[in-house]
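Per the numbering used here, residue 369 is the first one in the sequence shown, and the count goes up by one each step.
Where a beta carbon is used, it is the ideal one built from N, C-alpha and C, also for glycine.
Below is one structure, written out as structure tokens; the observations come after it.
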Amino acid sequence: MQAVGLQLPAGQPQAQPAPTGQFSFGGIMGVQSLKEVLAQDAKAAKERADTANSEPLVQNLVSHIRRHWDLAKYARREPEQQMLRALRSMRGEYDPEKLRVLKDQNSSEIYMMLFATKARQAKALLGDVLLGSEGEKPWLLRPSPVPELPPETQQTILAQAAQLVFEAEQGPMPMTQEEVMQLLRDAKSHAVAQAEIEARAQCARAEKKIDDMLSEGGFYEALDAFLDDLFVFKTAFIKGPIVRRTGVLTWVPQPDGTSEPEAVEENKAQWERVDPFNIYPAPWARNVQDGYLIERHRLSPSALSDLIGVDGYSDDAIRQVLDTHATGGLHEWLSVDMERATAEGRDTSFAHAGSDLIDALQYWGEVPGKILREWGMTEEEVPDQAKVYSVEAWLVGSWVIKAVINTDPLARRPYYGDSFERIPGAFWGTSLYDTVRDCEDMCNATARALANNMGISSGPQVWVNNDRLPNGEDITTMFPWKIWQTLSDPMGSTTPPIGFFQPSSNAAELMGVFEKFSALADEVSGIPRYMTGDGTAGGAGRTASGMSMMIGNAGKTVKKSLASIDMNVISPAIRGAYEFVMRYVGDPDMKGDLQIVARGAMSLVTKDTAQVRRNEFLMATANPIDMQIIGLDGRAALLREAAKTLDMNTEDIVPSASTVKLRAMQAQMQAQMQGANGTPPQQAPQGQPPEKRQLMNGAPATDNFQPQ
């Protein structure tokens, strides 16, 4: 393409030659190609990023994160090796060193997978409680014991009480001070009862909304993956709520009556399972909220480019990372990556070759306010330079692509972790594999010895005198009716040239050892085989009541794990979701005095017997006296709860509370109209109690009721 210039009038100064690649329009405007503009923008972004990341403050932050990263990597070496052994055990594979020894010994490589079986049994038990069936949740919301009365309700109570006192004073018999106080107390009790009813209704609405947000955000899927990690790794983790911009398919109505799909992006709160191999705590940390915490991410270039324009991220630094590593990737080379790929059965020949993934370190720690102010944060964001602030920073290579103050008011991190057995004061707990590891090793050793012994004792062993065999005789093959050719002994010995003997079998003794350690694994893990129907229990387990008692006793270990999950994962996670709605959604159904109750351990106790007890209660209250107490509303509530557990549509079976009240009012009005017209209401047969007559007539029963 040739440069094009405008012809200037005579006497006008001629334009200076345009720089290479630019086109000058009469010296007034320079024009560049799109390629050159993009190249200059990229160069400017690189210069800005290099300048920003070369500043002492940024480099100090990089060094700070790198130093913590090195400390965390070194401190986690032993726990990650133990988690690798558990991962291999889950797949039924020996450690490389032990496998090499077995091959050198020509030993059997059989693996009994005792731990994998226990992990599946434990997941089935806890998953049935925490995940359950449709409509069941491992948590619930409850109103505060003393609900707060709104100001308008308090004013209504005072007005009603004043009116009652005024009417009482105007009567023929003036009220005493004690009677007035009792009247006020009754009015307040009535108002508090109404407030409790409204609080429960509001609590139910808030519970549905939070459950809907958890379902759409993948909380229950993350909880299911968390349970898989809980029994394999030393500590399992869930993270959330994390606000992500995700695509949603919507259907837009068209003029012709049809609907067309349209993809839109929405900000949604999400939860996810965090890989324990990607969590690096401080060496002195006791939990995810203690010390600093680093999560290792592996991002694709597209995922990293999606962060451009997002608040809190440095666009220039992200562009520089993409420009440098978009095609070749950027990796924090760790030996555990190759070992983990081998343990998971993945191909390791191309573990990093050709990978365009970019490793990023998400750092949660503390930074002095002075550095943050010099960093560029405002005085409003960092009011006190001497104070230490909790921050979230993302480090990619030598670029800090994000650095913001933790937005949580209590500086909490959105991580929740727990172990199969917690160790007081330790970040990494004890996994189910750590509990049954010795028993599994003994069972594997016994199984290998049994396989080797059975192979040796499966047939006769042969000894041969090679000097008395003719040349070319095959001594490696033996089959029925084989003819052995031999030579005479030149020394005249009568010793047979070939002998046979049968090695002894130790199968019975080895099987006894195997059964002993297999049963010991049931004891140390607290998960007997009969709890999942995979075995028989002798003694008391031969009867239904005895088996129920044994399962109840054995379930104490499971209840302990459930109680720990309730305390360290379910409750804080739901609290985080509730606070997220309170802070950012502003839903009027949400109140600050709602209480979150995790009921994992509680549901394990009541789940098997709740329906039986509910049916017994229904039958026990199906009488006229109890009906006067609970009323139609209470009876409808009981039927509604019973129908829920039977997977029925309660709205089609049991009318709503408002419908029940409307029907009662209609019946009462009909009875009053019949009485006003002189028509006697429908009467109960003679001899029935007054309570029964009340149900038929629609009028309250009294002891002196007489049929008309």
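Check whether residue i and residue j have beta carbons under 8 Å apart
i: A490; j: F599; result: yes
i: I662; j: Y731; result: yes
i: A728; j: H665; result: yes
i: C571; j: L667; result: no
i: I478; j: A711; result: no
i: V611; j: N635; result: yes
i: N812; j: M480; result: yes
i: S457; j: E808; result: yes
i: M319; j: F601; result: With the chain covering 369 to 1076 only, the question about residue 319 has no answer from this structure.
i: P828; j: F868; result: yes
i: V949; j: I578; result: yes
i: L494; j: L591; result: no
i: L855; j: L878; result: no
i: K755; j: G733; result: no
i: T603; j: G785; result: yes
i: P871; j: S825; result: yes
i: L986; j: L1006; result: yes
i: A443; j: P644; result: no
i: A440; j: R654; result: no
i: V772; j: G659; result: no
i: A889; j: K471; result: no
i: G625; j: L698; result: no
i: R453; j: D463; result: yes
i: P669; j: I726; result: yes
i: H641; j: A593; result: The residue asked about is misnamed: residue 641 is Arg in this sequence, not His. Yes, these two residues count as a Cβ contact at 8 Å.
i: R780; j: Q657; result: yes
Selected residue, minimal CA-CA separation from residue i, among the options
i: M362; options: Q996, S787, L800 and Q870; result: Any question about residue 362 goes unanswered here, given that the chain covers just 369 to 1076.
i: I647; options: Q531, Q545 and W796; result: W796
i: I1110; options: L763, D643, A754 and R741; result: This structure leaves residue 1110 out entirely; the chain is present only between 369 and 1076.
i: A1032; options: A876, Q853 and A1004; result: A1004
i: D802; options: V892, G765, P865 and T854; result: V892
i: Y588; options: G867, E984 and P609; result: P609
i: P621; options: A819, E630 and K755; result: E630
i: W311; options: I938, L962 and L1007; result: Only positions 369 to 1076 of the chain appear in the structure, and residue 311 is not among them; the question remains open.
i: S557; options: K576, S583 and Q528; result: Q528
i: G586; options: E575, T544 and W639; result: W639
i: E575; options: Q996, R981, I993 and I964; result: I964
i: S861; options: D835, F847 and G460; result: D835
i: A945; options: R981, M859, K850 and D776; result: D776
i: R708; options: L1030, P848, R613 and L455; result: L455
i: V430; options: V804, A761 and P865; result: A761
i: N833; options: A817, M1041, P858 and M822; result: P858
i: W767; options: E633, D683, E461 and K505; result: D683
i: S873; options: Y783, V830, E448 and L818; result: L818
i: V830; options: D472, H693, P513 and P865; result: P865
i: D806; options: F885, N774 and R781; result: F885
i: H693; options: N774, D724, S673 and G713; result: D724
i: P519; options: R553, A492 and V560; result: V560
i: E566; options: Q753, R434 and P511; result: P511
i: E461; options: P896, A484 and M1037; result: A484
i: E448; options: P649, R943 and D715; result: P649
Assigned exposure category for residue i - 16 Cβ within 10 Å defines buried
i: G954; result: exposed
i: T911; result: Interpretation of T911 is limited by its pLDDT of 47, a score under 50 that renders its predicted location unreliable; the figure taken from the coordinates is listed afterwards. Counting Cβ neighbours within 10 Å, T911 comes out exposed, since fewer than 16 surround it.
i: V799; result: In the sequence under discussion, the amino acid at residue 799 is Ser, which differs from the Val named in the question. By the neighbour-count rule (16 or more Cβ atoms within 10 Å), S799 is buried.
i: I320; result: Absent from the structure is residue 320, since the part of the chain shown begins at 369 and ends at 1076.
i: L778; result: exposed
i: Q688; result: buried
i: L402; result: Here the model assigns L402 a pLDDT of 45, short of 50, so the residue's position is not dependable and the matter cannot be decided.
i: V735; result: buried
i: D597; result: buried
i: V469; result: exposed
i: S703; result: exposed
i: P513; result: exposed
Extent of the continuous alpha helix (DSSP H) to which residue i belongs
i: I676; result: Note, I676: premise wrong, no alpha helix (DSSP H); not H, not E.
i: R666; result: First-last for R666: L661 to L667, but that is the beta strand (DSSP E), not the alpha helix (DSSP H).
i: A941; result: S939 to F948
Limits of the unbroken beta strand (DSSP E) element including residue i
i: H699; result: Segment: none, H699 is in no beta strand (DSSP E) and carries neither H nor E.
i: P865; result: No beta strand (DSSP E) holds P865; DSSP gives it neither H nor E.
i: K576; result: It is not in any beta strand (DSSP E) - K576 instead sits in the alpha helix (DSSP H) that spans Q545 to E584.
i: Y731; result: I726 to P736
i: P649; result: I647 to P649
**Report entry** Segments of 3+ residues assigned as beta strand (DSSP E) that fall wholly inside the stretch 744-805
**Finding:** 756-764, 767-773 and 783-786
Report task. Would you mind listing the alpha helix (DSSP H) stretches within the stretch 579-635 that are 4+ residues and don't spill past its ends, in chain order? Result -> 587-600
Query - Complete beta strand (DSSP E) runs within the stretch 830-900 (minimum length 3 residues, chain order) - result: 866-869
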